[in-house]
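S.K.:
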Amino acid sequence: MSNIVIIGAGMAGLGAAHHFKENNIKATIFEKNNYFGGHAATFEKDGFIFDDGPHISFTKNERLRKLFHESVNGKVENFKADVNNYWKGYWVKHPAQANLHGLPDDLVVKILREFFELSQQNGGKVENYKDWLYESFGETFSENFPFQYTKKFHTTTPDNLDTDWIGPRMYKPDLDKILKGALSKSTEDVHYVSDFYYPSYGGFARFFDRFLEQTQVEYEHKVVKIDPKNKQISFSNGKTMAYDHLISSVPLPELVPCIEGVPDEVLEASQKLACTTCVLVNVGVARDDISKAHWTYFYDQDIVFSRLSYPHLFSPNNTPENCGSIQAEIYFSKKYKPLTSSPEDFIEPTILDLKRCGILNDSDEIIYREARVSPYANVIFDLERIPSLATVHNYLNQIDIKYCGRFGEWGYHWTDQSFISGENAAEKVLEQLKSDGINGKSSLTAKSSKPV
1 MSNIVIIGAG MAGLGAAHHF KENNIKATIF EKNNYFGGHA ATFEKDGFIF DDGPHISFTK
61 NERLRKLFHE SVNGKVENFK ADVNNYWKGY WVKHPAQANL HGLPDDLVVK ILREFFELSQ
121 QNGGKVENYK DWLYESFGET FSENFPFQYT KKFHTTTPDN LDTDWIGPRM YKPDLDKILK
181 GALSKSTEDV HYVSDFYYPS YGGFARFFDR FLEQTQVEYE HKVVKIDPKN KQISFSNGKT
241 MAYDHLISSV PLPELVPCIE GVPDEVLEAS QKLACTTCVL VNVGVARDDI SKAHWTYFYD
301 QDIVFSRLSY PHLFSPNNTP ENCGSIQAEI YFSKKYKPLT SSPEDFIEPT ILDLKRCGIL
361 NDSDEIIYRE ARVSPYANVI FDLERIPSLA TVHNYLNQID IKYCGRFGEW GYHWTDQSFI
421 SGENAAEKVL EQLKSDGING KSSLTAKSSK PV
């Protein structure tokens, strides 16, 4: 049997390990942390449960939904997502482009006029996200809403982003829906997330339990060197081992410098790949009626956070009884907006802005507060990404290192897509094993199942 090594015990690494298990092949995961979950880990303290950023399952892939639900013995919470927006003191339903009702009249008139004019045109050339926004919504809406959110969430400007990531994430209403949303407070739900699932107990990472039970995971094994010529991998704890096949979900800017003999141009390309770092401010409050929305987007530049979510609405067991919880996201990036302060420095500004927006009251008892850093939050789809990624991936293909997950493929992966990404990487190894005459059957059903 081949010695198969998987780096990273997040969703993608566990997806790879699961596919090997389904094909009666043994693989071992090596994880740098002393916990599992990767980008979707869960942390609990003092009765409050917070994930590493807001995570929910809204997959329409029935096979994966069944696997996730089996991991928690069917004990899941099922909700219809309630999402809203905050803009200069106004609260509007999400997505804002289809729910203009209640915004200042002069602003709504300008947005409607531009959208009507766009509907009479054939459209211009789109070279970046800024062009796409102008062609989709007009200048007024774009500059007041997505332009502002882009600065806060992506840490760069729309003209520096491509359009590969958009997909269903930016809803484009027709003229009738724009007009109805401007005239009426009651509109149909058109957000790409409608129903979502979340474990009843223990946070999002409980969806991983089934896969952990069938997988060997070695914790506190951070990769420091990979010798692709001799197929050896070394860890910071001093251990070195040989491998026959290697699958990595490690972020590419960290993986590539570990590779012995990596060409300079590949190393340089890996460092051009940009992503955000997120400071997560977690707050616990002694009341549970702080929000009806599951999450909220914020466009104002003078508000420290770009998005809030409310974990107690995902599951009532995420907090002590009768308590509420808030998770604020504040984004930075090494390339465009470096984090130069301590994460704890953002706790008080977050609480002040929560009060300024009316989410918290001066009389509220805050019983939990902490700040965490998620060093790899979201891929930034800047204009250097495509050529740099091609250089890195071509090199990894040449030295036979399989890559998977959000930061291995360097894409905008949701959880189900990350899991399938791991399965696909495992399938490539199985195909090599079969071509070498080594035992292993292929039964990957994900290839014909497109995640939504």
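With UniProt numbering, letter number 65 in the sequence shown gets 65, and the count goes up by one each step, no holes. C-beta: ideal position from N, C-alpha, C; glycine also.
For the structure I just gave you, are there three or more beta carbon pairs, one from the segment 99–109 and one from the segment 220–227, closer than 8 Å?
M.R.: No contact exists between the segment 99–109 and the segment 220–227.
S.K.: Taking just the CA atoms, how far does I233 sit from F224?
M.R.: On the sequence shown, position 224 is the one that residue 224 refers to. On the sequence shown, position 233 is the one that residue 233 refers to. Looking at the sequence provided, one finds Val at residue 224 rather than Phe. One C-alpha to the other measures close to 8 Å.
S.K.: Is the segment 244–254 touching the segment 402–413, taking contact as three or more C-beta pairs under 8 Å?
M.R.: In short, these stretches touch, since the Cβ pair count reaches three.
S.K.: On the three-pair Cβ rule with 8 Å, is the segment 325–336 touching the segment 148–159?
M.R.: Touching, per the Cβ criterion.
S.K.: Nearest to V283 by CA position, among R206, E139, G47 and N122, is which residue?
M.R.: The residue you call residue 283 lines up with position 283 of the sequence shown. Closest by alpha carbon: G47.
S.K.: Only counting the same chain, and skipping five residues up and downstream in sequence, which positions put a Cβ closer than 7 Å to that of A17?
M.R.: Within the sequence shown, numbered from 1, the residue matching residue 17 stands at position 17. So the list reads I6, A27, I29, F211 and T215, once near-sequence residues are dropped.
S.K.: Looking at C-alpha atoms only, which residue of N424, Y90, D302 and L179 is the closest neighbour of P349?
M.R.: Here residue 349 refers to the residue found at position 349 when the sequence shown is read from its first residue. Nearest option by C-alpha distance: D302.
S.K.: Anyone know if the C-beta pair for T140 and L107 falls short of 8 Å?
M.R.: Your numbering for residue 140 matches position 140 in the sequence shown. Your numbering for residue 107 matches position 107 in the sequence shown. Taking 8 Å as the Cβ cut-off, T140 and L107 qualify as a contacting pair.
S.K.: Can you give me the C-alpha to C-alpha distance between D159 and K32, rounded to a whole angstrom?
M.R.: Counted from its first residue, the sequence shown places residue 159 at position 159. Counted from its first residue, the sequence shown places residue 32 at position 32. Taking the straight line joining both Cα atoms gives about 36 Å.
S.K.: Tell me the start and end of each unbroken beta strand (DSSP E) in the segment 178–219 that is at least 3 residues and wholly inside, in chain order.
M.R.: Taking only runs of at least 3 residues, the beta strand (DSSP E) segments lying wholly in the segment 178–219 are 195–199 and 216–218.
S.K.: Buried or exposed, going by whether 16 or more other CB atoms sit within 10 Å of the CB of D264?
M.R.: Within the sequence shown, residue 264 is the residue found at index 264, counting from 1. Its Cβ having fewer than 16 others within 10 Å, D264 is exposed.
S.K.: Measure the beta-carbon distance from F204 to F79 and round it to whole angstroms, keeping in mind my assumption that it falls under 8 Å.
M.R.: By one-based count along the sequence shown, residue 204 stands at place 204. By one-based count along the sequence shown, residue 79 stands at place 79. Wrong, their Cβ atoms sit about 14 Å apart, outside the cutoff.
S.K.: Count the other C-beta atoms from every protein chain shown that fall within 10 angstroms of the C-beta of F76, then say buried if there are 16 or more, exposed otherwise.
M.R.: What you label residue 76 is simply residue 76 of the sequence shown in a count that begins at 1. The question names Phe, yet the displayed sequence has Val at residue 76. V76 should be labelled buried.
S.K.: How would you write the range of the beta strand (DSSP E) that N78 sits in, first residue to last?
M.R.: What you label residue 78 is simply residue 78 of the sequence shown in a count that begins at 1. From DSSP, the beta strand (DSSP E) with N78 extends over V76 to K80.
S.K.: Is any heavy atom in the ligand PLP found nearer than 7 Å to the beta carbon of K130?
M.R.: In terms of ligand content, the structure shown is empty, and the ligand PLP therefore cannot be addressed.
S.K.: Where does W414 land, buried or exposed, given buried means 16+ other C-beta within 10 angstroms?
M.R.: Locating residue 414 in the sequence shown gives position 414, where the first residue counts as 1. Counting Cβ neighbours within 10 Å, W414 comes out buried, since at least 16 surround it.
S.K.: Determine the direct distance from the alpha carbon of K292 to that of K93, and round the result to whole angstroms.
M.R.: If you number the sequence shown from 1, residue 93 lands on position 93. If you number the sequence shown from 1, residue 292 lands on position 292. C-alpha separation (whole angstroms): 12 Å.
S.K.: Figure out for me which residue from L255, D162, C275 and Q432 has the closest Cα to the Cα of L396.
M.R.: In the sequence shown, counting from the first residue as 1, residue 396 sits at position 396. Comparing Cα-Cα distances from L396 to each of L255, D162, C275 and Q432, the minimum goes to L255.
S.K.: Cβ of K402 within 8 Å of Cβ of I247?
M.R.: In the sequence shown, the residue the question calls residue 402 occupies position 402. In the sequence shown, the residue the question calls residue 247 occupies position 247. Contact flag set, yes.
S.K.: Between which two residues does the beta strand (DSSP E) containing T415 stretch?
M.R.: Within the sequence shown, the letter at position 415 stands for residue 415. Note, T415: premise wrong, no beta strand (DSSP E); alpha helix (DSSP H) at T415 to S435.
S.K.: Would a C-beta distance cut-off of 8 Å place I347 and A377 closer than the cut-off?
M.R.: By one-based count along the sequence shown, residue 347 stands at place 347. By one-based count along the sequence shown, residue 377 stands at place 377. Not closer than 8 Å, so no.
S.K.: Is the beta carbon of residue 467 sitting closer than 8 Å to the one on R307?
M.R.: Residue 467 cannot be examined here, being either before or after the span of the chain that is shown, 1 to 452.
S.K.: When we look at the beta-carbon of N394 and count the other beta-carbons within 10 Å, is it buried (16 or more) or exposed?
M.R.: Reading the sequence shown from its first residue, position 394 is the one you call residue 394. Exposed, by the Cβ-count rule.
S.K.: Output yes if chain B places a C-beta closer than 8 Å to the C-beta of I29; else output no.
M.R.: The displayed structure is made up of one protein chain only, and chain B is not part of it.
S.K.: Tell me whether M170 sits in a helix, a strand or coil according to DSSP, three-state version.
M.R.: Counted from its first residue, the sequence shown places residue 170 at position 170. DSSP places M170 in coil when its eight states are reduced to three.
S.K.: Going along the chain, which residues of its own chain have a beta-carbon closer than 6 Å to the beta-carbon of V281, five neighbours each way excluded?
M.R.: Taking the sequence shown and counting its residues from 1, the one referred to as residue 281 is at position 281. Answer for V281: A328, F346, I347, T350 and A371, listed in chain order.
S.K.: V373 and V285 - do their beta-carbons sit closer together than 8 Å?
M.R.: To locate residue 285, count along the sequence shown from 1; it is residue 285. To locate residue 373, count along the sequence shown from 1; it is residue 373. Not in contact: V285 and V373 (Cβ atoms no closer than 8 Å).
S.K.: Give the DSSP bridge partners of I326, in chain order.
M.R.: Taking the first residue of the sequence shown as 1, we reach residue 326 at position 326. Answer by DSSP bridge pairing, in chain order: V283.
S.K.: If you draw a straight line from the C-alpha of S142 to the C-alpha of W165, how long is it?
M.R.: To locate residue 142, count along the sequence shown from 1; it is residue 142. To locate residue 165, count along the sequence shown from 1; it is residue 165. Roughly 17 Å between the two C-alpha positions.
S.K.: For F116, count neighbouring Cβ atoms within 10 angstroms of its own Cβ and tell me buried if that reaches 16, exposed if not.
M.R.: As a first step, residue 116 is located in the sequence shown; it is residue number 116 there, counting from the start. Burial call: exposed.
S.K.: Quick one: using the 10 Å Cβ neighbour count with 16 as the cut-off for buried, is A9 buried or exposed?
M.R.: As a first step, residue 9 must be located in the sequence shown, where it is residue number 9. That one is buried.
S.K.: Nearest-angstrom Cα distance between Y201 and F68?
M.R.: The residue you call residue 201 lines up with position 201 of the sequence shown. The residue you call residue 68 lines up with position 68 of the sequence shown. In a straight line, the C-alpha of Y201 is about 13 Å away from that of F68.
S.K.: Should E188 go down as buried or exposed, given a rule of 16 or more other Cβ atoms within 10 Å for buried?
M.R.: As a working mapping, residue 188 is identified with position 188 in the sequence shown. So E188 ends up on the exposed side.
S.K.: Cα-Cα, which of F208, P257 and Y198 is closest to I226?
M.R.: Against the sequence shown, residue 226 aligns to sequence position 226. Selected option, being the one with the closest Cα: P257.
S.K.: Give me the Cβ distance between F20 and A426, rounded to the nearest whole Å; I'm assuming they're in contact under 8 Å.
M.R.: Against the sequence shown, residue 20 aligns to sequence position 20. Against the sequence shown, residue 426 aligns to sequence position 426. 5 Å between Cβ atoms; contact.
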